[in-house]
Amino acid sequence: MNQPNTNVFKPKIAAFLCNWCSYAGADLAGVGRIQYPASIRTIRVPCSGRINPLYILKAMANGADGVLVSGCHPGDCHYISGNYVARRKFALIQSLLKHVGLEDDRVNFSWVSAAEGGRFAEVVKGVTERVSALGPNKGIFTVDDGGATDE
């Protein structure tokens with residue numbers, strides 16, 4: 087008798103979501119019972135612009151296969167320019183990932199408003215597919231209390 091393959095890779099994705107827009111969009115997706123992969127672990131932040139790139143590196147070092155940063159659409163930020171700051175930090179972290187030898191597709195950025203529950207589900211599906219295609223995070227570095235170190 088054939089048994090189903092239980093070794094299918096299911097990525098772990100840390101999702102840093104803006105409290106005002108993206109987190110509310112995720113909540114709307116849940117309330118609306120919109121289906122999306124259970125691969126994300128939600129981290130609610132006051133603003134996507136407040137996400138330190140070190141948070142992303144720590145998530146990757148502590149077992150996340152991918153990271154999603156999601157904030158308000160341009161012009162809709164509660165803190166005026168937080169989403170623009172987040173976009174600049176995102177470009178920085180992608181170049182840093184290339185430098186340390188990780189695929190830059192492991193970190194994704196999106197704009198999702200509070201009224202876009204369906205869009206949030208689509209974003210999560212897309213990120214999950216991209217990270218699944220990359221396979222597990224190789225974990226080329228670890229984070230101690232003292233900071234990142236090479237293995």
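Heads up: the sequence shown runs through residues 87 to 237, numbered per the numbering used here.
For each residue, glycine too, the CB sits at the ideal point set by N, CA and C.
Every value quoted in this text rests on a predicted model; they were computed, and no experiment measured them.
Nearest residue (CA-CA) to residue i, options the options
i              : options                        : result
glutamine 180  : Val153, Ala200, Gly157, Ser167 : Val153
leucine 103    : Glu189, Ile126, Met146, Asp191 : Ile126
alanine 145    : Ala101, Lys211, Asp190         : Ala101
asparagine 194 : Val186, Ala201, Phe206, Val117 : Phe206
valine 171     : Asp113, Ala150, Ser196, Ser134 : Ser134
valine 118     : Gly203, Val186, Trp106         : Checking the sequence, you will find glycine at residue 118 rather than valine. Of the listed residues, the one whose Cα sits closest to glycine 118 is Gly203.
alanine 219    : Asp151, Ile142, Arg174, Cys107 : Asp151
For residue i, the three-state DSSP class (helix, strand or coil)
i              : result
serine 156     : strand
leucine 103    : strand
isoleucine 179 : helix
glutamate 189  : coil
lysine 96      : coil
serine 167     : coil
According to DSSP, residues forming a beta bridge with residue i
i                 : result
phenylalanine 195 : Val155
threonine 128     : Ala101
Cα-Cα separation, residue i to residue j
i           : j             : result
lysine 184  : histidine 159 : 27 Å
alanine 147 : glycine 225   : 6 Å
proline 97  : tyrosine 122  : 13 Å
proline 157 : histidine 164 : Position check: residue 157 holds glycine in this sequence, whereas proline was assumed. Cα to Cα, glycine 157 sits roughly 10 Å from histidine 164.
proline 222 : aspartate 162 : 35 Å
Endpoints, alpha helix (DSSP H) assigned at residue i
i                 : result
proline 139       : 139 to 147
lysine 224        : That residue, lysine 224, is in no alpha helix (DSSP H); it is neither H nor E in DSSP.
valine 117        : 108 to 117
phenylalanine 206 : 203 to 220
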